[in-house]
Amino acid sequence: MKIPIIVIKLLFLGALFIISNHNLHLTDSSERDVFFDYYSNWVGNLFTQGAEVTGYLVKFKWLPNEVNILVNGSHS
331 MKIPIIVIKL LFLGALFIIS NHNLHLTDSS ERDVFFDYYS NWVGNLFTQG
381 AEVTGYLVKF KWLPNEVNIL VNGSHS
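Straight run, no breaks: the sequence shown in my numbering ends on number 406.
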């Protein structure tokens with residue numbers, strides 16, 4: 331239950347940063363359109379970067395080499 335709350339907080343905090351950094355007023359419909367454009371681009375970048383990190387982690391070699399296992403195992 332903690333992970334969904336953290337994700338929601340991250341998305342909400344990102345929206346607040348976009349609003350404050352671009353001095354947007356959401357009561358104005360044209361500025362609201364600008365906000366939704368910035369926000370959708372930001373969320374898209376989050377998913378793109380998340381996919382890149384996930385791909386890197388999947389390709390990462392997690393197990394040690396057999397040589398390291400034999401050398402470290404013989405000293406024990």
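Where a beta carbon is used, it is the ideal one built from N, C-alpha and C, also for glycine. These numbers come from a predicted model, not from an experiment.
It is roughly 30 Å from the alpha-carbon of Ile333 to the alpha-carbon of Asn353. In this chain, the alpha helix (DSSP H) harbouring Leu341 covers Lys332 to Asn351.
When secondary structure is reduced to three states using DSSP, Thr378 falls in the helix class.
Each residue's CA atom was taken as its position, placing Phe365 and Leu393 some 45 Å apart. Take His355, set aside five residues on each side of it, and the residues of its chain with a beta-carbon closer than 6 Å to its own are Glu361, in chain order.
Glu382 and Phe347 have their alpha carbons spaced roughly 24 Å apart.
The DSSP-derived three-state label of Thr384 is helix.
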